[in-house]
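These notes are about the structure you will find just below.
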Amino acid sequence: MSKTHHGESIVLASSNAGKVREINALLADEEIHVIPQSALGVPEAAETGLSFVENAILKARNAAAHSGLAAIADDSGIEVDALAGAPGIYSARYAGPGASDLDNLNKLIEMIREVPPEQRTARFQCLMVYLRHAEDPTPVICQGTWDGLLLDTPRGDNGFGYDPIFLVPSEGRTSAELDPETKNRLSHRGQALTKLVRFLKGES
Ligand code: IMP
Numbered sequence: 085m086s087k088t089h090h091g092e093s094i095v096l097a098s099s100n101a102g103k104v105r106e107i108n109a110l111l112a113d114e115e116i117h118v119i120p121q122s123a124l125g126v127p128e129a130a131e132t133g134l135s136f137v138e139n140a141i142l143k144a145r146n147a148a149a150h151s152g153l154a155a156i157a158d159d160s161g162i163e164v165d166a167l168a169g170a171p172g173i174y175s176a177r178y179a180g181p182g183a184s185d186l187d188n189l190n191k192l193i194e195m196i197r198e199v200p201p202e203q204r205t206a207r208f209q210c211l212m213v214y215l216r217h218a219e220d221p222t223p224v225i226c227q228g229t230w231d232g233l234l235l236d237t238p239r240g241d242n243g244f245g246y247d248p249i250f251l252v253p254s255e256g257r258t259s260a261e262l263d264p265e266t267k268n269r270l271s272h273r274g275q276a277l278t279k280l281v282r283f284l285k286g287e288s
């Protein structure tokens with residue numbers, strides 16, 4: 085079943101502009117063509133799972149069912165140790181239903197402000213799932229994890245979401261201060277997608 089899909093279109097089950105941009109950049113050099121689900125009129129899936137992988141599968145299945153295409157979905161978020169892993173799978177709605185990236189960022193800053201800097205360990209998680217069709221019983225599941233430390237003052241204009249407060253220790257910069265290529269090389273999403281590309285190209 086690990087056939088390559090060169091030339092075949094794959095629907096990308098995300099409407100998050102930041103994610104779509106990163107995933108497109110990562111796939112640009114590959115012969116893998118993805119179409120964002122918004123371009124095909126696919127409605128958003130309800131993210132009712134209790135884990136990243138469940139939500140990624142729900143999103144990919146929804147996009148495959150509505151489009152008739154193979155689907156890739158990314159479910160991701162940030163886990164903060166001092167907050168017992170929150171916001172985790174609720175990262176996109178941390179400040180409430182319909183919250184913007186900025187609302188969520190400001191809420192996280194409030195939540196960690198009193199935490200001593202050395203205890204502000206956190207990590208981004210990304211679960212990237214590939215379904216050959218909506219009823220595919222063996223989804224391909226790839227995971228990436230990116231460790232960092234949280235700042236209480238945003239820095240940088242690149243990226244999206246929680247990037248302005250996510251300090252990448254090896255770079256001495258926040259994820260929003262990294263150029264897009266560097267973020268893609270290091271990030272949770274970059275790691276997960278690199279594994280998926282390897283699989284799709286039949287090298288797994
Ligand atoms: P999802 O679309 O349900 O997977 O939600 C992902 C959430 O995690 C969003 O709120 C994003 O802001 C956040 N997130 C995921 N990946 C990143 C990233 O690379 N940088 C910053 N925030 C991210």
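In terms of the numbering used here, the sequence shown is residues 85 to 288. Virtual Cβ for every residue (Gly too), placed ideally from N, Cα, C. Bear in mind the structure is a predicted one, so any value in this text is a computation, not a measurement.
Nonlocal neighbours in the same chain, by C-beta distance under 6 angstroms from residue i, ignoring five residues either side
i, result
"alanine 155", "Val95, Ala97, Ala144, Ala147, Ala148 and Leu215"
"proline 120", "Leu96 and Val104"
"arginine 257", "none"
Between the CA atoms of residue j and residue i - distance to the nearest angstrom
i, j, result
"glutamate 255", "proline 238", "16 angstroms"
"asparagine 268", "serine 93", "22 angstroms"
"alanine 183", "aspartate 113", "34 angstroms"
"threonine 134", "proline 171", "Strictly speaking, residue 134 in this sequence is leucine, with threonine absent from that position. Cα-Cα distance, rounded: 12 angstroms."
"lysine 103", "methionine 212", "12 angstroms"
"histidine 150", "isoleucine 116", "20 angstroms"
"proline 253", "leucine 270", "12 angstroms"
"proline 223", "valine 137", "10 angstroms"
"histidine 217", "asparagine 108", "21 angstroms"
Residue range of the unbroken beta strand (DSSP E) whose run includes residue i
i, result
"phenylalanine 250", "250 to 252"
"isoleucine 225", "224 to 234"
For residue i: DSSP bridge partner residues
i, result
"alanine 154", "Ile94"
"leucine 39", "No answer is possible for residue 39: it lies beyond the span of the chain, which begins at 85 and ends at 288."
Where the alpha helix (DSSP H) containing residue i begins and where it ends
i, result
"leucine 284", "272 to 284"
"leucine 186", "185 to 196"
"arginine 105", "101 to 111"
Cut-off 7 angstroms between Cβ atoms - residues of its own chain near residue i, not counting five sequence neighbours on either side
i, result
"isoleucine 193", "Asp236 and Ile249"
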